[in-house]
Amino acid sequence: MMNKKADVLVIGAGLSGLMAAAKAVEQGKKVLLVAKGMGALGLSSGCIDLWGYDIDQPDQVCSRPLQEIDKLIQVNPHHPYARVRDVLEESLDFFRKICAENGSPYLENEGGNWLLPTALGTMRPTYLVPASMAVKSLEEADKILVVGFKGLKDFYPDVLVANLQRNAELKPSCKLEPVLVEVGSEELKPAALAHRLERGEIIDKIVQQVKPLLSPGAVVLFPPVLGSSGGAGMAGRLADELGCPVYEVSNIPPALPGDRLQKTLLHHLKTRGVEVIIGSTVTTAHLEGNRCVKVTVRCLSGTMTISARVFVLATGSFLGGGLEADIEGIKESIFNLPVQIGAEEWSVQEFLDLKGQPFNKFGIAVNDHLQPVDESGQVLVKNLMVTGANLAGCNYPIEKCGNGVALATGYKAGKLVEVVHGE
Amino acid sequence: MTDKAQVVIIGGGATGTGILRDLALRGISAVLVEQGDLAHGTSSRFHGLLHSGGRYAVKDKEAARECIEENLILCRIAPSCIEPIGGLFVEMQGDDPEYTEKWVSACAEAGINAEETDVQEVLKSNPALSSNITRAFKVPDCAVDGFRILWGNVNSARKHGAKVITYSKVTKIHQENGSVTGVELLNKLTGEKKTIECEMVVNAAGAWAGEVAAMVGLEVNVIKDKGTLLAFNHRMMNKIVNRLRPPGDGDIFVPHGTITILGTTSQTVDSADANKPERQEVLDLLKIGKEMVPEIENFRLVRAFAGVRPLYQPGSSATGRSVSRGFALLDHQQMDGLNGFVSIVGGKFTTFRLMAERTADLVAEKLAVDAPCRTAQEPLTDPVPEELLKRGKKVFGIPGAKKAAERLGDDFARVIEEAEQNAEKRQVFCECEMVSRAEIDFVARDEDCHTLGDIRRKTRMGMGTCQGTFCGYRTLGALNKYEKFARSHREYLSVFLQKRWKGIRPVLWGQQLREAQLALGIYCSLFGMERMK
Ligand SMILES: Cc1cc2nc3c(=O)[nH]c(=O)nc-3n(C[C@H](O)[C@H](O)[C@H](O)COP(=O)(O)OP(=O)(O)OC[C@H]3O[C@@H](n4cnc5c(N)ncnc54)[C@H](O)[C@@H]3O)c2cc1C
Ligand SMILES: Cc1cc2nc3c(=O)[nH]c(=O)nc-3n(C[C@H](O)[C@H](O)[C@H](O)COP(=O)(O)OP(=O)(O)OC[C@H]3O[C@@H](n4cnc5c(N)ncnc54)[C@H](O)[C@@H]3O)c2cc1C
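Sequence order for the protein chains is A and B. The numbering of the first sequence is this note's numbering, which starts it at 1 and goes up by one. The numbering of the second sequence is this note's numbering, which starts it at 424 and goes up by one.
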């Protein structure tokens with residue numbers, strides 16, 4: 001059987017795994033990343049949520065997410081943010097630096113949340129956003145033109161318009177207008193449309209149909225299909241041609257911005273010499289005492305083992321595959337670590353309950369070094385760190401912190417590889 | 424506002440719609456009133472088994488005979504609503520062999536063709552089944568699409584002048600000098616009230632029949648018996664499989680297309696609306712189901728759902744009761760001295776046509792209309808012409824066209840036309856059930872369609888593995904241009920998602936838990952819908 005060796009093995013190619021690998025390799029480690037699939041990043045909006053709403057007034061968008069997280073840690077010391085508060089700012093800086101270096105800058109909104117329109121016409125708070133999505137001052141627009149494409153499923157300008165009116169604070173005189181442009185008769189898939197845009201084939205067609213509808217003070221919103229790679233390139237080009245701001249809004253998968261971010265980070269890892277193996281599943285961990293020595297991996301060609309000095313478990317929640325539930329209960333899929341479920345029911349009656357569905361909070365408890373611990377705080381596997389959606393205590397869909405927690409915990413794991421190995 | 428008709432039928436289930444068609448074919452003017460959408464009650468919350476009668480052969484020969492007779496009639500008049508896949512009764516190790524013998528002779532007496540078949544053959548073609556099967560018999564059970572039968576009844580009745588009013592609840596039944604004179608309706612969408620004057624009222628309110636009778640101060644004793652069912656996302660076997668033992672919980676598997684339904688439980692409840700499936704019922708069903716399908720945990724469960732059986736129990740004054748032990752036709756003139764009021768209670772989906780025939784016979788007699796029942800001969804739906812299917816395949820693909828043709832029947836032609844004219848309408852909105860935008864658009868315009876749930880029942884959109892996560896949102900894209908869908912998107916979508924959630928929650932593990940996490944990612948992380956206005 002083939003055996004591979006590395007200093008650090010990262011399991012998972014979601015945001016937390018990618019961040020862990022990026023930070024570890026920066027410290028001169030030999031890093032290997034194995035993942036069975038692509039995780040939740042490509043399903044997400046590509047924006048980094050940090051913390052969305054006031055803890056005391058859960059209907060109010062919070063204006064200072066970092067300060068709100070300090071408050072959170074006071075009231076909920078088991079939230080994953082409590083484990084990474086020390087590195088939160090530097091992790092965000094690190095992330096922005098990598099993205100900028102690779103041509104996909106992420107923008108901050110002066111320490112506050114962005115409030116961005118979605119394809120449903122709601123407004124969602126988020127913290128770091130790709131330049132193409134960074135809608136500034138919608139409330140000052142005199143006209144909002146929402147552009148869809150004939151033949152593109154899943155983006156309905158009239159739905160966005162109808163709901164934006166109720167959900168956004170706009171100028172009373174602001175005109176909203178939906179329009180469907182035609183760029184060909186066949187059914188359009190987002191990725192194919194993005195390619196055609198990038199090849200410059202249909203820009204003229206779009207401009208021709210959109211431009212006559214513009215008036216001074218107009219802002220144009222598009223589905224997230226403006227190019228397949230990161231950066232504001234395509235949105236910027238359309239903005240130049242149309243002579244007004246152009247943005248992409250978040251939409252249901254398959255939406256490209258999350259995908260672009262994943263590509264950007266994977267590209268970065270490759271340039272730094274991280275070996276990335278996608279499509280392979282880690283099935284078992286081999287422990288000696290309370291240290292992991294190697295894991296068994298099922299890949300296309302059969303099975304192999306990978307030995308490493310430090311392991312990062314970035315396998316996500318149920319969706320990613322880090323947690324598995326059957327009728328009897330829930331288990332962590334590789335190390336069989338204890339999963340914190342609490343006394344609650346797995347779910348609550350209202351699907352969209354403001355407190356969130358409890359199962360989203362299930363996960364692994366860790367110490368400040370992100371090592372898995374049992375109830376008494378005893379470390380279970382010394383050279384293992386757990387990150388991202390696999391951690392217990394965070395209800396990201398409601399709290400608006402999914403990618404934020406993944407980013408910060410992944411970063412910290414990468415930073416601590418030396419420390420944890422030495423223990 | 425006041426309307427007029429000879430007969431008002433209360434209840435838009437199989438029974439009520441069956442009566443509507445029967446009366447319409449006899450030339451009697453009738454209006455059906457339903458408090459929700461058609462099939463709001465038990466007729467959309469059942470197993471979908473067109474019984475051969477085998478299940479009742481030992482205990483109730485009369486009911487068994489009714490089943491087999493109706494089974495053969497429906498196969499003839501409504502072939503497009505029925506999958507004639509046949510059923511098996513299997514005896515397993517530990518089951519009483521004497522019961523099997525009793526059952527075989529009871530089937531023969533009831534006229535049910537039960538033919539013993541080789542167990543090894545059965546296992547070969549149905550590998551999911553347990554090897555503990557000791558004997559197996561083939562019977563003419565079928566899978567039936569309840570929605571399609573109901574729409575079939577209604578479409579046929581409308582062609583003959585009948586009317587249907589949905590989302591309206593009968594709140595009062597007017598009477599004068601010992602005779603019914605009309606009903607009062609409350610429109611549940613607008614809050615408006617309305618009266619319909621009539622000569623007769625037929626109470627076909629299923630599990631709600633007691634409440635309806637109480638409106639005229641009468642007692643009709645219906646036991647409300649809740650049954651929970653499980654839907655798996657696999658065709659686990661090629662035939663319907665019944666356990667050959669005295670009927671009990673969880674012993675029937677019914678494959679429908681690509682899914683299989685296992686059921687059912689049985690529990691007396693207080694309210695006809697008590698149709699929330701519980702996790703414990705799911706666990707109980709899986710445990711019993713496992714005896715017949717040992718690997719049952721490996722099949723993906725999509726959802727659980729429950730219905731409430733209307734079981735009739737005659738009170739002390741059982742005079743005027745007639746016909747059968749399976750169902751009862753109550754002539755309240757004879758029983759209670761109230762002219763123009765009849766109740767039809769109990770029964771099964773399989774026997775709805777017979778129940779309707781008996782009811783319509785009585786109504787016709789009372790109205791002195793001399794016209795025979797025609798529902799056993801007149802086809803319920805017309806087969807879709809080959810040429811149309813060919814055109815459909817061009818716009819919807821082969822499997823998509825087939826499914827749409829089955830669902831749409833006579834309306835298929837119009838939907839094809841729209842898709843031919845507008846390429847955008849060929850988009851598949853529901854990938855699981857292959858429902859096109861054209862079909863959703865068409866159904867949304869239907870006068871009975873007011874919610875995403877109505878569209879779901881008419882098209883099956885949202886019934887597959889994603890349980891509406893994707894197609895629920897897409898459907899908004901089709902609704903927005905219609906003025907009648909004037910309420911907020913938040914309301915349409917959250918009501919729809921909540922109803923789906925009710926069935927997912929009791930089976931929340933494995934793939935469905937992952938699916939739920941994805942759905943929350945989309946509706947909360949991406950759309951922030953929990954705070955939407
Ligand atoms: C639809 C959706 C939209 C979202 N939108 C946003 C958003 O807009 N903003 C935001 O901040 N957050 C959003 N979130 C939340 C956020 O995306 C996640 O919380 C976060 O990305 C989780 O990252 P992760 O790296 O911890 O896990 P994941 O992304 O789930 O990654 C897990 C990785 O581990 C791999 N893996 C699992 N098991 C094994 C194994 N045995 N062997 C090998 N590999 C394995 C998986 O294949 C995958 O690569 C969204 C979530 C969803 C579902
Ligand atoms: C779990 C389960 C599985 C079953 N499986 C099978 C099977 O496989 N095969 C089979 O043959 N039978 C089966 N049955 C039985 C069968 O489903 C029912 O007998 C049949 O559907 C009853 O139809 P119905 O029209 O009488 O009642 P319903 O379908 O309940 O119709 C009554 C309607 O009246 C309406 N209503 C009530 N009050 C009012 C009012 N005041 N105003 C207006 N409208 C009102 C209700 O909303 C309802 O839609 C099953 C039943 C259950 C519960």
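Quick reminder that beta carbons are idealized off the backbone N, C-alpha and C, glycines included.
Asked	Found
Counted within 10 angstroms of its Cβ, other Cβ atoms place M758/B as buried (16 or more) or exposed	buried
Identified DSSP bridge partners for W114/A	T126/A
Residue of S137/A, L120/A and S280/A minimising C-alpha distance to Y896/B	L120/A
Cut-off 6 Å between Cβ atoms - residues of its own chain near A406/A, not counting five sequence neighbours on either side	L15, S16 and G388
C-beta neighbour in chain A for N935/B, strict 7 Å	It should be pointed out that residue 935/B corresponds to Gln in this sequence rather than to Asn. Answer no: the Cβ-Cβ gap between Q935/B and chain A never drops below 7 Å.
heavy atom of ligand 2 below 6 Å from S466/B C-beta	yes
8 Å Cβ cut-off: residues of chain A touching H912/B	L120, G121, V159, A162 and N163
Straight-line gap, V587/B to T438/B (C-alpha atoms, nearest Å)	14 Å
Per-residue contacts from L352/A into chain B (C-beta, under 8 Å)	S917, L920, Q921, Y946, C947, M952 and E953
Residue-chain proximity (R928/B, chain A), Cβ-Cβ < 7 Å	yes
Min CB distance G390/B to chain A below 7 Å	Nothing about residue 390/B can be reported from this structure: the residues present for chain B run from 424 to 956 only.
Cβ neighbour criterion (16 or more within 10 Å) applied to D93/A	exposed
Rounded C-alpha distance that separates A486/B from K617/B	39 Å
Outcome for I364/A when other beta-carbon atoms lying within 10 angstroms are tallied against a minimum of 16	buried
Whole-angstrom C-beta distance between R879/B and G885/B, which should lie under 8 Å	5 Å
Straight-line Cα distance separating T264/A from P257/A	10 Å
Collapsed DSSP secondary structure at C292/A in the structure displayed	strand
I330/A and V339/A closer than 7 Å at C-beta	yes
Coarse secondary structure for A22/A, derived from DSSP in three states	helix
Any 3 or more C-beta pairs closer than 8 Å across the stretch 456-463 of chain B and the stretch 790-806 of chain B	no
Own chain residues within Cβ distance below 7 Å of D49/A, not counting five before or after	T126, Y127, K400, C401, G402, N403 and G404
Distance cut-off 6 Å: F469/B Cβ against heavy atoms of ligand 4	Absence of ligand 4 from the depicted structure is noted, with ligand 1 and ligand 2 being the only ligands included.
Pick from L160/A, C62/A, I206/A and N109/A that is closest to F149/A, judged by C-alpha positions	I206/A
Cross-chain neighbours of S250/A in chain B, by beta carbon under 7 Å	L949
Residue-chain proximity (L319/A, chain B), Cβ-Cβ < 7 Å	yes
Closer than 7 Å to chain A by CB, R744/B	Only weak support is given to the placement of R744/B: the predicted model assigns it a pLDDT of 39, under 50, and the question is left unresolved by the model.
Positions along the stretch 876-909 of chain B whose CB lies within less than 8 Å of some CB in chain A	F893, Y896, R897, L899, G900, N903 and K904
K36/A CB to nearest heavy atom of ligand 1 below 6 Å	yes
Span separating the alpha-carbon of A580/B from that of L443/B	6 Å
Beta-carbon separation (whole angstroms), C299/A vs V381/A, contact threshold 8 Å	Their Cβ separation, rounded to whole angstroms, is 23 Å, which puts C299/A and V381/A out of contact at 8 Å.
Assigned exposure category for A654/B - 16 Cβ within 10 Å defines buried	buried
Buried/exposed call for L290/A, threshold 16 Cβ in 10 Å	Per the sequence shown, the amino acid found at residue 290/A is Asn instead of Leu. Its Cβ having fewer than 16 others within 10 Å, N290/A is exposed.
7 Å Cβ cutoff, S747/B in contact with chain A	Because S747/B carries a pLDDT of 49, less than 50, the predicted location of this residue cannot be relied on, and no value is offered for it.
Beta-carbon contacts of L941/B that lie in its chain and below 7 Å, excluding the five residues immediately before and after	T892
CB contact check: L422/B to chain A, cutoff 7 Å	Residue coverage of chain B in this structure runs from 424 to 956, which leaves residue 422/B outside it and unanswerable.
Residues sharing a beta bridge with I252/A, DSSP	Partner(s): none; I252/A has no beta bridge.
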